[in-house]
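Here is the structure we will look at.
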Amino acid sequence: LMGLVAKRSGSVMFNGVELLAEAAHTRFHHGLAYVPEERRIVPGLSVRENLQLGIIASKNRRDEDKMIDEIAEIFPRLKERLSQDATSMSGGEQQMLAIARAMMAKPKMILLDEPSEGIMPILVDEMFALFARMKSEGTTILLVEQNVERALKISDRAYILDQGQIVMTGRAADLLADTAIQDKYCAV
17 LMGLVAKRSG SVMFNGVELL AEAAHTRFHH GLAYVPEERR IVPGLSVREN LQLGIIASKN
77 RRDEDKMIDE IAEIFPRLKE RLSQDATSMS GGEQQMLAIA RAMMAKPKMI LLDEPSEGIM
137 PILVDEMFAL FARMKSEGTT ILLVEQNVER ALKISDRAYI LDQGQIVMTG RAADLLADTA
197 IQDKYCAV
């Protein structure tokens, strides 16, 4: 979707635009934001400067301070650290920053790759509450997540992959209610 890997076949339509025909660097302009598994926090930049990168190509740049204030209300930990070197924060805080940076662009769709990996449970709870809020506010969320039960609880539709292959697809609530899926993919 983001153009980071060459397509093999097929097409992807989003808001009437064939995304696979677009250059990777232009997909941002169609309302897409991406939070990679590795976070990609820029070393040597403060939390504020990393947030500013989220809107560097945005039309909303005039409202930068207002947007940072809004993000700081959603992520109080980041508000306390706006002038701090972003790479000196914990992994969970860096993950919050990566999500906040993507949110700065006010995306129509946000792609999240393993957002809970290596994060303290309390921060995971906060993240998933945020994802539910974003969804309720109309943001489309494409979530790749190993915590199947948590992902299904906030999703409308789900695809379960095993060894890189889609093994099941359907309404998230139906998949969550399926005891075979619970036993195989949601066991602790």
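Quick note on numbering: the numbering used here labels position 105 of the sequence shown as 121, and the sequence is numbered without any gaps.
Heads up, the beta-carbon is just placed ideally off N, CA and C, and yes, glycines get one too.
Open item on the list: Determine whether the beta carbon atoms of Asn66 and Ala121 lie at a separation below 8 Å.
Closed with: No, Cβ-Cβ distance for Asn66 and Ala121 is not below 8 Å.
Task: Alpha carbon of Glu142 to alpha carbon of Glu153, nearest angstrom - done: Those two C-alpha atoms are separated by around 17 Å.
Open item on the list: Let me make sure I understand the geometry here. Which of Lys151, Met150, Thr156 and Leu113 has the alpha-carbon closest to that of Leu139?
Closed with: When only C-alpha atoms are compared, the closest one is Leu113.
TODO: Starting from Gln181, follow its DSSP beta bridges and name the residues at the other end.
DONE: For Gln181, which the question treats as bridged, DSSP gives the partners Asp178.
TODO: Please work out which residues of its chain come closer than 7 Å, Cβ to Cβ, to Val204, disregarding the five sequence neighbours upstream and downstream, and give them in chain order.
DONE: With a pLDDT of 48 at Val204, under the threshold of 50, the modelled position of that residue is not reliable, and no figure is offered here.
Open item on the list: Would the stretch 34-41 count as touching the stretch 56-66 if we require 3 or more Cβ pairs under 8 Å?
Closed with: The stretch 34-41 and the stretch 56-66 do not touch, with fewer than 3 CB-CB distances between them shorter than 8 Å.
- [ ] Measure the alpha-carbon distance for Leu191 versus Arg117 and round it to whole angstroms.
- [x] Looking at the two C-alpha atoms, the distance is approximately 32 Å.
TODO: Please work out which residues of its chain come closer than 6 Å, Cβ to Cβ, to Ala167, disregarding the five sequence neighbours upstream and downstream, and give them in chain order.
DONE: So the list reads Leu159 and Glu161, once near-sequence residues are dropped.
Open item on the list: Which same chain residues end up closer than 6 Å to Thr185 when comparing Cβ atoms and leaving out the 5 residues on each side of it in sequence?
Closed with: Hits under 6 Å: Tyr175.
Task: Under the three-state DSSP convention, the category Ser62 falls into - done: Reduced to three states, the DSSP call for Ser62 is strand.
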